[in-house]
Amino acid sequence: MSALRWTRGAAGLGRVLRSHGPHRPASEEGTLGGLCSSRRSSAASPREQDVQREWGHAELLEVLEARVRQLRAEGTPEMRVKEVQVDRPPQGRSSRWAQKLEAEREVKQRRQEEFDQKKRAHTPESWTLRKEPRIWSKKLAGYLQQSKKAVPKSSEEEQLARLLQAALVKFSYREAGTLTRKKAKAVDTHTLVLQQKFLAFFECCVCTGQLPLAHHVLVTHHNNRDKQQVLTLDMYNTVMLGWARKGSFRELVYVFIMLKDAGLSPDLCSYAAVLQCMGRRDQDAHTIQRCLKQMIEEGFQPQLLFTDLVLEEEDRAALLRAVVKAEPAFHSPTQAPNLVSTSMLLKDVYSKQEGPVSYPKLHLPLDTLQDLFYQQLRVELGSSVCVQSVEKAPVMTKELTEARKTLKALRAQWEAELLRVLRETKAKMGRQACEGQPTLYPFLCLLSEEEFVSILMQVLQVLPAQGEPLLQLAQNLGLRVLNRHLVKQKQVTNHVQKLGQRYSQYLRLLASDTQVAPYLPREYWESLGPLEAPPQQPWSMAVLLQLGKQLAEILVQAVQMPRSLAARQGAQHRIPVLYHVYSFRSYRQVGILKPHPAFTHLLETAAEPTLTFETAEVPMLCPPLPWTSLHSGAYLLSSTKLMRATEGTTQHQRLLERCPPAQLHGALDALTQLGNCAWRVNGHLLDLVLQIFRDKGCMHLGVPPPRSEAPQPRQRQLPPGSTPVHKSELRKEVVRCLKAAREMHSLRSEALYRLSLAQHLRHHVFWLPHNMDFRGRTYPCPPHFNHLGGDLARALLKFAEGRPLGPHGLDWLKIHLINLTGLKKGDSLRVRLAFADEVMEEILDSADNPLTGRKWWMEADEPWQTLACCMEVAQAVRSPDPTAYISHLPVHQDGSCNGLQHYAALGRDSVGAASVNLTPSDLPQDVYREVATQVEEFRQQDAKEGLRVAQVLEGFISRKVVKQTVMTVVYGVTRYGGRLQIEKRLQELSDFPQEFVWEASQYLVRQVFKSLQEMFSSTRAIQHWLTESANLISHAGWPVEWVTPLGIPIIQPYHRESKVQVKGGIQSITFTSSVDDNQKPNTLKQKNGFPPNFIHSLDSSHMMLTALHCYRKGLTFVSVHDCFWTHAADVPVMNEVCREQFVRLHSQPILENLAKFLEERFCSVSSNRSLKPSERALVMKLRETLQSLPETGTFDLGQVIRSTYFFS
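Residue numbers for the sequence shown follow the working numbering, beginning at 26 and rising by one.
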């Protein structure tokens, strides 16, 4: 009924209510007009009038009741209206109105029943799902038909067993020809993405108990010859494994037949699934024997089932039952003895005879560590951590109170609406999946609906005011769901309980009050027996984005707020909280989800005091799990990658999986050792930082100011009559101010996260688990608060365990302090120590009055670390016995242009070695100053010859101008990149004529490269050899691979970009993929990236060797790449180990081993079978290049042992 009709009807009913006389019976009136008439009936008796009055009231209530039902039915069909209790007229009296209403009620009831029936038809319990596939192979189809026509007395079990035995037979070449896949060529990107979606769909179905649905979708696509090409062996195996765990023999046989029918050959996983199912069902021995026989004929021995596959306990037991039933003499292979790395560099690390071992223990007792374990376990099971913000607390005004109250009410509404929309979306996708489409339905069943709502509410809370690209938001949402699902799976499989028992035993190795034989943490953990659960494969980027985009759309659809928060609830229209808009970023149109300004203003007004972090973003409260494989280590439950890489990248994973376990032991043990270092927050320093942070910040000290301090345009509006030039200038100024405001906001947010986490952890001991990048460089996993940040981040941290300074510790503290100031870089250690004593008064004043004194510390290169060291020195010198003072401050030893040190050692370059402190000297050599001096000599010669730019540069060539370019040349910076670096330095010089910046930077970069060519001749030769080798490898169609001296396999993730689109919804997301080895290599990036990446792999090898040998000697050791940290008392020991391991590393034939590996990998016969003639020519040239190693000099590596300033 239209609004107009309802208004008229309501007006008529209003007139009824206003009429005073009794109405005639409906049987007499017959029309609504009669009902509304004001005429009286004088012939009726008083009793009849009462009856008529009751009839009128009853009819009116029936009309109202019917109208309410109609309106509610039109809005939401499934809602039921509560019956209205009214006084009914006497039996035997009826009216046309009552008859019409009764008929209408019957119609409504019938429609409701139809709707309910339709709704029930779309619930998972009532789905009609296919089980029997269509078999395209005539031979297999014949076997299937024979099994159906078996003699009646034969049991179904026997029929299926015969069918399986028939399907196990390997077809002849002629029979297999009809089944072979049409596509023999490489899979294109679109098909690959589709296959990743299908596989993830099937895996999620198995995880969520939607196995019949997975089987149905598999059968649907198998029955279509074109769609069947998308299905892979892993998909059939996934569904088979699901049926095997349920013991569903019929369905498993169907899938196995489909696998053979699709032209695929069963692999070890396929046979494992079949045998598991038969083991669970106690199948007859003959069928199991037939399966094992066929498996052996295919080249798979039964022992491989237990050695090559990672199985859960139940799966392993079922598999063993089946094999033993067929072969009673079979015994499960015992766990292979843990192999030891055979690397010559690690011989001393794993030797039990090479000298005494004093592995360090933690400073905490066993009971405390166990309590910390349960605290961390609760954190990870909770999936997120709420942290109190350190922003200055606002005044509790009435406006703030109302804003928080409003926000709380809105969130309650949003949670209910998100729940409703999520359920509708699941129902819709379930129906689509029932039609054979691999939808997101099983993904939306991975977590409870409340958990999904919680994730969406958290994302809404942290959405920035300027919005977030839908691509990033979708990826973030997808990853959150994946991580929580992986944690939930560990809970379901009883992994948590087993972990608690194992970890309690492991802590006996680390606790201060227990005695255990000396073991490395990984070795001790492995000695306790296997614990690893089967690894969960990560989802592809396309799957993550598809799921995340769907969740983002649910958020946009469900979350709404009143147009005006001041108006009464329900008195106005509601508007979306999130808007989908487009913006140009870096000349690309990007879809953005942006919050409504009213919502942003509400959040700012409420000024809520909490921040929410994911578990893996926060340091751990107990020692991390030791790294034992690429799947196990770091956090207790949260999955962490051993080798960090862009989401969706699989090449590193595959490379590590093929690697012998013992080959990775060096890297695994080094990462474990770095993660086992316990930390505390420097509380005194944190208080000072917070004081400045809450008082408008200070950019000079690295404390970002709030957004209110951002620069503002001089004019808000253009005055009348402004010229176009004036308009353009004002527009540019506005753009500059907006950019500065965004940068300030980003820096402020980063500092807020860091300081809030520091405040949250200030009374805790905590740990930073580590992993590595594809080059082997190590990084702490928590991103916001770690020792890899800048000056402020490092100053906030100190070792949780202190050590007495001893006889020389105070001297190293003083030298470290002067190093941080940057005041005596070119002087000897003795001069630096003397200078520290000279400025002791300034040091003590800085420690005592950091914000009110002379503030000497503020002028240092690293002010906050300088202040922290001033405080440590002050406490040490004022203690009764400085040698007994317990110091917690890390002392750093930094490499001297470490990349050039490795190049000079590789080339045995005597001149280059002397420039980077590989040779003993009384004073530290400064390669940056030497390059600046040589460039100045070139400039003077050119100026005499009348070159204008050389004359302009007089007095402007300094160490600072050339430092960044010299430092990064070793890491592959090009002349173009070097020119930009020098241009930036020249722009910072206020008195340099800016009109010459471009010309001067172009001139200087040429001179810097020329100087480096003369100073490091062997370095440039090695760089050229590496670049040329990578160029030939990539042109032949391969990405560059190598193995580090510690055994870490490395592959460069640079490939040609291919665009992948996730269609549908509010926006189709297009992302660029360039990291998968299915794509052709990017030749330019491969050749330019090889030299710096190879050097990075060497410096990471040196760091890991130093870490392992320091651990063996009982030292606390951490690193920031080529900057090594330990206690002040242990600096001499660490320096000795650092030099020894550098010499041992470069005593290996590194370039010769690299050339040998590259030749075997890319020039062997097996690698060249499918190459084109042009590519074969490239391989021949590559072989010649690899056999022509760069010539080396005569530098004696032994001199490094005596070099004081190698690391200093």
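Even for Gly, the Cβ is constructed at its ideal location relative to N, Cα and C.
| Query | Result |
| --- | --- |
| Report, in whole angstroms, the separation of the C-beta atoms of V960 and Q1032, which I expect to be a contact under 8 Å. | 5 Å |
| Within this structure, are the beta carbons of T1052 and G932 separated by less than 8 Å? | no |
| Assuming Y953 contacts V994 under a Cβ cut-off of 8 Å, what Cβ separation, rounded to an integer in Å, is found between them? | At roughly 11 Å, the Cβ-Cβ gap does not stay under 8 Å, so Y953 and V994 are not in contact. |
| Rounded to whole angstroms, what is the Cα-Cα separation between F860 and F1231? | 22 Å |
| In its own chain, which residues sit with a C-beta less than 7 Å from the C-beta of G815, not counting the 5 before and 5 after it? | G727 |
| Going by the CB atoms, is the gap between W882 and C647 shorter than 8 Å? | no |
| Can you confirm whether the region 1145 to 1164 touches the region 915 to 935 when touching is taken to mean that 3 or more C-beta pairs between the two stretches lie within less than 8 Å? | yes |
| Let's test the definition: count the other Cβ atoms within 10 Å of the Cβ of Q124 and tell me whether it reaches 16, buried, or not, exposed. | exposed |
| Could you name the residues of the same chain whose beta carbon sits closer than 7 Å to that of Q1166, not counting the 5 residues immediately before and after it, in chain order? | H1127, L1130, T1131 and H1134 |
| Mapping the DSSP letters down to three states, classify L830 as helix, strand or coil. | coil |
| Report the rounded CA-to-CA distance for R741 versus E629, giving the unit in angstroms. | 23 Å |
| Pull up the distance between the alpha-carbon of E768 and that of Q614, whole angstroms please. | 21 Å |
| Between which residues of its own chain and Y928 is the CB-CB distance below 8 Å, once the five residues before and five after are set aside? | D934, G937, V995, F1041, S1043, T1044, I1047, Q1048 and I1120 |
| Leaving out five residues on either side along the sequence, give the residues of the same chain with a beta carbon under 8 Å from the beta carbon of G847. | A885, D886 and E887 |
| Going by C-alpha distance, which of K666, N923 and R761 is nearest H795? | K666 |
| Hey, is the region 275 to 291 in contact with the region 246 to 262, meaning 3+ C-beta pairs nearer than 8 Å? | yes |
| Is the beta carbon of F799 closer than 8 Å to that of H690? | no |
| The beta strand (DSSP E) with S608 in it runs from where to where? | L603 to R610 |
| Starting from the C-beta of Q950, find all residues in its chain whose C-beta is less than 6 Å away, skip the five residues before and the five after it, and write them out in chain order. | S940 and N942 |
| For G1139, tell me which candidate among W1150, S1125, R857 and D1155 has the shortest Cα-Cα distance. | D1155 |
| Just reading off the beta strand (DSSP E) that H690 is part of, what are its end residues? | Run containing H690: none in the beta strand (DSSP E); it sits in the alpha helix (DSSP H), H690 to G700. |
| Are the Cβ atoms of Q413 and H785 separated by less than 8 Å? | yes |
| Give the straight-line distance between the Cα atoms of D1221 and Q1212, rounded to the nearest whole angstrom. | 24 Å |
| In whole angstroms, what separates the C-alpha of L650 from that of F331? | 25 Å |
| Would you kindly work out how many angstroms separate the C-alpha atoms of V238 and C316, rounded to a whole number? | Looking at the sequence shown, residue 238 is not Val but Leu. Taking the straight line joining both Cα atoms gives about 27 Å. |
| How big is the Cα-Cα spacing for G46 and A128? | Any reading at G46 must be qualified, since the residue scores a pLDDT of 41, below 50, and its modelled position is unreliable; no value is offered. |
| Taking C-alpha atoms, which residue in F223, L830, K823 and A766 lies nearest to P730? | A766 |
| State whether the region 599 to 608 contacts the region 625 to 640, with contact taken as three or more CB pairs (one from each stretch) at a distance under 8 Å. | no |
| Output the residue ranges of the alpha helix (DSSP H) runs that lie fully inside the region 421 to 484 and measure 4 residues or longer, sorted by chain position. | 423 to 459 |
| A310 and L344 - do their beta-carbons sit closer together than 8 Å? | no |
| Rounded to whole angstroms, what's the CA-CA distance from P907 to A901? Just pull it up for me. | 5 Å |
| Considering only their Cβ atoms, is the gap separating S781 from V415 smaller than 8 Å? | yes |
| Start and end of the alpha helix (DSSP H) containing T635? | It is not in any alpha helix (DSSP H) - T635 instead sits in the beta strand (DSSP E) that spans T635 to E639. |
| Whose CA, out of G234, A1153, Y261 and Q514, lies closest to the CA of L842? | A1153 |
| Taking all protein chains shown into account, do 16 or more other C-beta atoms lie within 10 angstroms of the C-beta of L693, making it buried, or fewer, making it exposed? | buried |
| For R1227, does the three-state DSSP call read helix, strand or coil? | helix |
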